[in-house]
Amino acid sequence: MAEGLVATRVTVERGRREVLRAVGFEAAHGEVSCVLGPNGAGKSTLLRALAGLLSFRGEVTLDGTPLSRLDARERARRLAFVPQRSALTASLSVRTVVSQGRYAHTGGLGRPGAADRRAVVSALSRTDVAELAHRRFDRLSAGEQRRVLLARALATEAPVILLDEPTAALDVRHALELHALLRALADDGYCVVVVLHELDAARRFTDRATLLRDGEVVTAGPSAEVVQPGPVREVYGVELLEDAALGFRLGGAS
Amino acid sequence: MSASAASPVVRRAPRGGARAAWTYAVLGVALAGVCASALLVGPGDLGDAPLREVFLELRAARLAGALMAGGALAVSGVLVQGLFRNPLASPSILGTTAGASLGGQGVLLAHGALASAGALRWLAPQMVLPLGCLVGALGSLAILLAFVRRGADLLALLLTGFALTSLFLSVGSFLTTLAQEHHELGRAVVSFTLGGVGGVGWPHVRLALPLLGFGLVAGFLWGRPLDLLLSGDEEAATLGVDVARTRRWAIVWVGVLTAAAVALGGNIAFVGLVVPHALRPFVGAEHRRLIPAAFLAGAAFLAGCDVLARLVPTRTEVPLGVVTGLIGAPLFLVLLLRSRREERDG
Chain A
17 MAEGLVATRV TVERGRREVL RAVGFEAAHG EVSCVLGPNG AGKSTLLRAL AGLLSFRGEV
77 TLDGTPLSRL DARERARRLA FVPQRSALTA SLSVRTVVSQ GRYAHTGGLG RPGAADRRAV
137 VSALSRTDVA ELAHRRFDRL SAGEQRRVLL ARALATEAPV ILLDEPTAAL DVRHALELHA
197 LLRALADDGY CVVVVLHELD AARRFTDRAT LLRDGEVVTA GPSAEVVQPG PVREVYGVEL
257 LEDAALGFRL GGAS
Chain B
430 MSASAASPVV RRAPRGGARA AWTYAVLGVA LAGVCASALL VGPGDLGDAP LREVFLELRA
490 ARLAGALMAG GALAVSGVLV QGLFRNPLAS PSILGTTAGA SLGGQGVLLA HGALASAGAL
550 RWLAPQMVLP LGCLVGALGS LAILLAFVRR GADLLALLLT GFALTSLFLS VGSFLTTLAQ
610 EHHELGRAVV SFTLGGVGGV GWPHVRLALP LLGFGLVAGF LWGRPLDLLL SGDEEAATLG
670 VDVARTRRWA IVWVGVLTAA AVALGGNIAF VGLVVPHALR PFVGAEHRRL IPAAFLAGAA
730 FLAGCDVLAR LVPTRTEVPL GVVTGLIGAP LFLVLLLRSR REERDG
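This is the structure:
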């Protein structure tokens, strides 16, 4: 496996309770990795620990470098995080929000150069929000906001991207397009990590899966092997019915 | 969403920029009008040639004080609202102006006590006033942050600010009572406490100018990380902002600007609350656009209020804080209702 994001025995405490217990996790460049599990399993907590947003015991390395050794800007140049929803309610334009992805490159005083503008334009275009560039972020629908947040992450040009339930507020077309985009990013050498709820999407669109329950890893491996009747029954308490779900693919009139 | 490489077809859009440019132009005209009025309106006959220069000199210093205090309060309002991600925050509501005022009163009292004991007679009280205001403003912000951790809700923030304001005003009243034991000192403390720019002279302006300049330039230069903080601490951190450092310095600038304003005009409310709130629909929330606009608007607003205070036909001049409250409070309620309606209508 190519180097990427590696977590070793990560434990996160909230109060006296351990919400993650000695979790191991690996995600490589060139792959889409997902974190699965029922509500309260610790998926988002693991993602936030990987992003350096939580204090934890254990170690997380980014291409061999411990995360704790990177300062804020260096970490942002190497790892981007897309939250479930943004806390931003101020009247900023979409273009301004996406441009914030370049902060780690320009700093507070630097002026954005041609490379920064190219990165912003590319990110707007890849996430299909170029038409929204001059709209106010706080006036967009939840789905549009998700795409703008992804654009902001892409504008960082960080080779590792973490996404917390990225398809949660998207319609079926944009969800499929997002999965296609994540695949394209992985093909370009990105290390993509997503928290997902949809097991069928995990099996169809991701390469590796880590299944969590009560803050511990139940199983990890290729997605097609993890999303199997046995582990699903054990973790979710439901039966996995092969070929029972509705399936969609991109195509037809848009 | 496109999985392929991007095509650079995004137009630059002028709408936000044009609206901001118009806003700056209107503010510039308003400021010029207010400045002219402030020089021409007031007691004293400008037709009297020998006295004209004296009157103009006094009015110019007073105008400079009003412009600086109004601009400083409005910009500190922008910073504190961004810092707490809350458009209802302001230095006066959070207790910062009351803290600065208490610091100023404390310094005046300490100076008076030392002077009566024969020490520091060479040092004029107005020389140390800005320093006292600075210590008071920074101290009040430090106490506020110790009680209100990040993520605290609006009610906790406002109640803590209210409690701090009440505490500082009470202690300030006690200091004012102590100062009455010496006639001159009592007058100086009461005059400072009531607020207003009527007594501002060029020495006051010169002492407050470095504080104002430093706070303005620093706030403007740090506009980009402050913009990122509008998305919350976690998002800002993932985008490369050193959140703790940015917050720490932003607090220092709020303290510096509030200290400059209070040293010049005393405890003046509503400027820091209303001005940023009124400007955001026109120039947006970006700090580097909002700060210059807020400075111009705050300066024009306070200088305009000072002109109005002079025009009221009373035997003694109406305190400036009374005028800003009478105009600012209803204006704020209108802005609040409008923004609620916009939120409701989407």
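Chains as they are written, first to last, in our numbering: chain A, 17 to 270; chain B, 430 to 775. Positions of the beta carbon are idealized from the N, C-alpha and C atoms, including for glycine.
Quick one: what does DSSP say residue i is sitting in, helix, strand or coil?
i, result
"residue 107/A", "coil"
"residue 58/A", "coil"
"residue 606/B", "helix"
"residue 49/A", "strand"
"residue 532/B", "helix"
"residue 28/A", "strand"
"residue 435/B", "With a pLDDT of only 41 at residue 435/B, under 50, the local geometry of the prediction cannot be trusted, and the value read off the model is given with reservation. Residue 435/B falls in the coil class under three-state DSSP."
"residue 75/A", "strand"
"residue 223/A", "coil"
"residue 95/A", "strand"
"residue 741/B", "coil"
"residue 151/A", "coil"
"residue 41/A", "strand"
"residue 554/B", "helix"
"residue 173/A", "coil"
"residue 183/A", "coil"
"residue 201/A", "helix"
Less than 9 Å between CB atoms is the rule here; does residue i satisfy it with respect to chain A?
i, result
"residue 482/B", "no"
"residue 652/B", "yes"
"residue 400/B", "This structure does not reach residue 400/B, given that chain B is present from 430 up to 775, and the question cannot be answered."
"residue 514/B", "yes"
"residue 511/B", "yes"
"residue 517/B", "no"
Applying a beta-carbon distance threshold of less than 9 Å, which residues of chain A neighbour residue i?
i, result
"residue 709/B", "106 and 107"
Going along chain A, which residues have a C-beta under 8 Å from residue i?
i, result
"residue 661/B", "102, 103 and 104"
"residue 657/B", "116 and 119"
So, does the CB of residue i fall closer than 9 Å to a CB anywhere in chain B?
i, result
"residue 58/A", "no"
"residue 67/A", "yes"
"residue 61/A", "no"
"residue 54/A", "no"
"residue 97/A", "yes"
"residue 89/A", "yes"
"residue 37/A", "no"
"residue 64/A", "yes"
Check the Cβ of residue i against every Cβ in chain B and list those closer than 9 Å, keeping chain order.
i, result
"residue 82/A", "Under the 9 Å cutoff, chain B gives no residues; its nearest Cβ is about 17 Å from residue 82/A."
Anything in chain B within Cβ reach of residue i, meaning under 7 Å, just list it in chain order.
i, result
"residue 92/A", "667, 668 and 669"
In chain order, what residues of the stretch 101–127 of chain A put their CB closer than 7 Å to some CB of chain B? Against chain B - using a Cβ distance shorter than 7 Å - the residues of the stretch 101–127 of chain A are 102, 103, 104, 106, 107, 108, 109, 112, 116, 117, 119, 120, 124 and 125.
Assess, as a yes-or-no matter, whether the stretch 665–680 of chain B is touched by the stretch 501–514 of chain B under the definition of 3 or more beta carbon pairs within less than 8 Å. Three or more beta-carbon pairs separated by less than 8 Å link the stretch 501–514 of chain B to the stretch 665–680 of chain B, which places the two stretches in contact.
Return the residues of the stretch 215–231 of chain A that lie within a Cβ-Cβ distance of less than 9 Å from chain B, sorted by chain order. Correct list: empty, as no residue qualifies.
Against chain B: residues of the stretch 238–258 of chain A by CB proximity under 8 Å: Flagged: no residues at all.
Do the stretch 570–577 of chain B and the stretch 640–657 of chain B touch if we need at least three Cβ pairs shorter than 8 Å? Not touching, per the Cβ criterion.
Please identify, using Cβ separations under 7 Å, the residues of the stretch 661–681 of chain B that lie next to chain A, in order along the chain. Cβ contacts with chain A: 661, 663, 664, 666, 667, 668, 669, 670 and 671.
Determine which residues of the stretch 704–732 of chain B have a Cβ less than 8 Å from any Cβ of chain A, and write them out in chain order. From the stretch 704–732 of chain B, only 709, 710, 713, 714 and 715 have a Cβ closer than 8 Å to chain A.
Using Cβ-Cβ distances below 9 Å, what residues of the stretch 165–179 of chain A are close to chain B? Cβ contacts with chain B: 165, 166, 168, 169, 172 and 178.
Is the number of C-beta pairs between the stretch 121–139 of chain A and the stretch 203–212 of chain A that are closer than 8 Å three or more? Touching, no, given that fewer than three Cβ pairs across the two stretches are closer than 8 Å.
Three or more C-beta pairs closer than 8 Å, one from the stretch 51–67 of chain A and one from the stretch 637–646 of chain B: is that the case here? With contact defined as three or more Cβ pairs closer than 8 Å, the stretch 51–67 of chain A and the stretch 637–646 of chain B are not in contact.
Between the stretch 708–724 of chain B and the stretch 524–542 of chain B, do at least 3 Cβ pairs fall closer than 8 Å? Contact between the stretch 708–724 of chain B and the stretch 524–542 of chain B is absent, because fewer than three Cβ pairs lie under 8 Å.
At least 3 beta-carbon pairs within less than 8 Å: the stretch 489–501 of chain B vs the stretch 626–640 of chain B: A contact exists between the stretch 489–501 of chain B and the stretch 626–640 of chain B.
Please confirm if the stretch 35–45 of chain A is in contact with the stretch 91–98 of chain A, defined as three or more CB-CB distances below 8 Å between the two stretches. Result no; under three Cβ-Cβ pairs closer than 8 Å.
The stretch 694–705 of chain B contacting the stretch 753–767 of chain B, beta-carbon criterion three pairs below 8 Å: Yes: at least three Cβ pairs fall under 8 Å.
Between the stretch 64–79 of chain A and the stretch 235–249 of chain A, are three or more C-beta pairs nearer than 8 Å? Verdict: no, contact absent.
I'd like to know if the stretch 171–187 of chain A and the stretch 131–141 of chain A are in contact, where contact means that at least 3 CB-CB pairs between them fall below 8 Å. Judged by Cβ distances under 8 Å, the stretch 171–187 of chain A makes contact with the stretch 131–141 of chain A, as three or more pairs qualify.
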